[in-house]
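According to the UniProt record's numbering, the sequence shown is numbered sequentially starting from 1. Ideal Cβ positions, reconstructed from N, Cα and C, are used throughout, including at glycine. One structure is given below, encoded as structure tokens.
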Amino acid sequence: MAAYRGKRVLLVGGRQSAFEWAALLREAGAARIDLSYRHDTPQFTLSDWSWVEALVAGMVDQPGWFRHLSAGEQEVQRLRLWTEGRLKLEPWLADRIFQPNVHLHPRTQVTMVSEKPGGLSVRLDSEEELEVDEVIAATGYQVDIRRLPFLSESLLAGLPLANGYPFLDEGFQSQVPGLYFSSFPAGWAFGPFFGFTIGVRAASRILGAVLSRSSPGLAAVGAE
Ligand SMILES: Cc1cc2nc3c(=O)[nH]c(=O)nc-3n(C[C@H](O)[C@H](O)[C@H](O)COP(=O)(O)OP(=O)(O)OC[C@H]3O[C@@H](n4cnc5c(N)ncnc54)[C@H](O)[C@@H]3O)c2cc1C
């Protein structure tokens, strides 16, 4: 963050990443920080993850739980997680954000960024004009397996995708035998919880059990 000392920075996005960047930039001595986001300012309040923990732990014994829900029921789970995770910001951030040189622009979008001598000129759809040195996109992530540079064209040809996500069996194996995906890319098949560290333990247990069944030599490692 030291590189941003004295800089004017625009963060595009208004969820946890953008706000954490803003706090860290300010503490590193950035001169001015603006945040532009399309929605209202989320609340600085604790999230309740207790229901997710039980749900994901249960998937070790029932790895097919999410895929067997109806499309509507899956959407309910996605929305519930999104509401908990995306509509709230960690409360310990508030004091670090509400500072004189941090400016929030809720319900705005960037319409134009152009180069100017000594920086960038940014126009928001609220008609505000900002002069900044850097623009940082904290706009989130989308899975697109086709962009993994180490998967060959021929392998990708045998890998059907849904919205960029691979189809996975209940042991995280894709339709290419021996090729497995966990965490965020497994979210389509296993549910959105797998985009968070909370999914990692369950994924390891499920995958460990599958691999130790197919390669008995791994059983000892799996047991550990
Ligand atoms: C900005 C951000 C904020 C997040 N905040 C939270 C949060 O608050 N709470 C939460 O629960 N989760 C959060 N997550 C999600 C969390 O980081 C992931 O769920 C978790 O890291 C997944 O663990 P993983 O080991 O599967 O993958 P990763 O932690 O991503 O580890 C992947 C590993 O693979 C290596 N690798 C990648 N490509 C190659 C390659 N070609 N060859 C060799 N090695 C390679 C990487 O170097 C890395 O070591 C956040 C994610 C991001 C991006």
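Range of the contiguous beta strand (DSSP E) that encloses residue i
i    : result
G119 : 119-124
T111 : 110-116
L130 : 129-132
Strand pairing of residue i, partner residues [DSSP]
i    : result
H103 : D34
L89  : F44
Q173 : Y180
Y165 : A162
I136 : L11
Through-space distance from residue j to residue i, alpha-carbon basis
i           : j    : result
F193        : A209 : 20 Å
residue 231 : W82  : Look at the range of the chain in this structure, 1 to 224, and you will see that residue 231 is not part of it.
G64         : V56  : 11 Å
V122        : I97  : 21 Å
L11         : S36  : 6 Å
G187        : Y165 : 8 Å
D48         : L87  : 12 Å
G119        : E73  : 48 Å
P177        : I198 : 26 Å
Boundaries of the alpha helix (DSSP H) in which residue i is found, first to last residue
i    : result
L11  : It is not in any alpha helix (DSSP H) - L11 instead sits in the beta strand (DSSP E) that spans 8-12.
L25  : 16-27
R205 : 198-214
V60  : Taken as a continuous stretch (DSSP letters only), V60 belongs to no alpha helix (DSSP H), as it is neither H nor E.
G187 : 187-190
I97  : 94-97
A157 : 153-157
Expected contact under 8 Å - CB spacing of residue i and residue j to nearest Å
i    : j    : result
F66  : F190 : 6 Å
T108 : S126 : 5 Å
Q175 : L151 : The pair is not a contact, with the Cβ atoms about 13 Å apart (cut-off 8 Å).
Closest Cα partner of residue i within the set the options
i    : options                : result
L104 : E75, K116, H39         : H39
S50  : R80, V60, G29          : R80
F172 : N163, A202, S152, L156 : A202
R32  : H68, V113, M112, L130  : L130
L46  : E27, Q99, A94          : A94
Y141 : A157, L211, Q16        : Q16
E170 : H68, F19, R147         : H68
A30  : L148, R205, V135, N101 : N101
R146 : E128, S114, P185, W92  : P185
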